[in-house]
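Data block below; observations after.
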Ligand code: GAR
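Residue numbers (this note's numbering): 181 to 383.
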């Protein structure tokens with residue numbers, strides 16, 4: 181195996197996907213983005229993948245009769261494309277234990293807070309930053325962690341802190357957390373895990 185094959189799962193704008201794509205050949209060397217899967221056919225992230233020449237697929241949850249069918253369709257794509265590592269980059273669907281247990285230490289997620297603060301069920305996207313501002317914390321940040329059966333509960337790989345400014349809105353904070361933390365630690369963590377997958381392959 182020359183490079184770990186990575187699938188990125190997305191739902192929306194895909195700025196974290198863009199950071200991963202842009203990091204290929206610099207920060208990200210041990211892995212290559214081979215597939216982008218979206219649960220939302222209108223996600224701009226799909227355009228970003230196409231612009232980078234990366235294969236895309238859409239698996240709509242609404243078109244599936246059950247969570248099992250949704251997850252099995254994703255698994256089939258991962259197997260078909262010989263994927264070694266799954267990166268959740270703004271993927272807004274919860275994956276069941278039935279799915280996550282198939283890929284121990286092979287699924288990463290980026291979360292826009294310093295876990296264990298502002299995480300778990302209901303904490304996603306802008307809601308996370310609203311909660312941080314409401315609580316009045318002075319420092320927030322982002323976390324990349326392995327995904328297990330507990331939402332946002334898997335082992336932490338990297339974290340980066342970001343200061344909160346007195347005049348921050350949820351939107352301004354979201355943007356700064358992305359720029360200063362997410363777009364840096366997601367490629368770095370993906371490289372760390374890809375490199376360890378390559379090492380395992382050689383043992
Ligand atoms: C990012 O801030 C990501 O951390 C967050 O959604 C945003 C997606 O943006 N993910 C979660 O909240 C997951 N719990 P993007 O589509 O531009 O990468």
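Glycine residues also receive a C-beta, built at the ideal position from the N, C-alpha and C atoms.
Exposure of residue i, with buried meaning 16 or more beta-carbon neighbours within 10 Å
i           : result
residue 192 : buried
residue 319 : exposed
residue 228 : buried
residue 371 : buried
residue 264 : buried
residue 306 : exposed
residue 248 : exposed
residue 341 : exposed
residue 256 : exposed
residue 361 : buried
residue 281 : exposed
residue 295 : buried
residue 330 : exposed
Residue from the options whose Cα sits closest to the Cα of residue i
i           : options               : result
residue 215 : 268, 243 and 209      : 268
residue 293 : 235, 344 and 195      : 344
residue 322 : 273, 367 and 184      : 367
residue 297 : 308, 253, 202 and 290 : 308
residue 328 : 287, 219 and 338      : 287
residue 332 : 273, 353, 355 and 341 : 273
residue 351 : 261, 310, 360 and 246 : 310
residue 291 : 314, 339 and 255      : 339
residue 386 : 253, 360, 201 and 220 : Lying before the first or after the last residue shown, residue 386 is absent from the chain, which here runs from 181 to 383.
residue 222 : 207, 239 and 208      : 239
residue 261 : 242, 204 and 213      : 213
residue 312 : 242, 349 and 301      : 349
residue 354 : 270, 283 and 276      : 270
Cα-Cα separation between residue i and residue j, rounded to whole angstroms
i           : j           : result
residue 231 : residue 211 : 19 Å
residue 259 : residue 196 : 24 Å
residue 373 : residue 317 : 31 Å
residue 250 : residue 358 : 29 Å
residue 185 : residue 324 : 19 Å
residue 299 : residue 183 : 32 Å
residue 376 : residue 363 : 21 Å
residue 334 : residue 189 : 17 Å
residue 369 : residue 337 : 7 Å
residue 194 : residue 347 : 26 Å
residue 199 : residue 226 : 14 Å
residue 246 : residue 266 : 21 Å
residue 278 : residue 380 : 24 Å
residue 218 : residue 187 : 11 Å
residue 253 : residue 275 : 13 Å
residue 326 : residue 285 : 6 Å
residue 207 : residue 378 : 16 Å
CB contact check: residue i to chain D, cutoff 8 Å
i           : result
residue 299 : The structure shown has no chain D; it contains just one protein chain.
Worksheet item: Which ranges would you report for the beta strand (DSSP E) in the region 231–259 if only whole runs of at least 3 residues count?
Response: 235–238
Worksheet entry | Unbroken stretches of the alpha helix (DSSP H), 4 residues or longer, contained in the region 279–331 | Every alpha helix (DSSP H) of 4 residues or more that sits fully in the region 279–331 is shown, in chain order, as 306–315.
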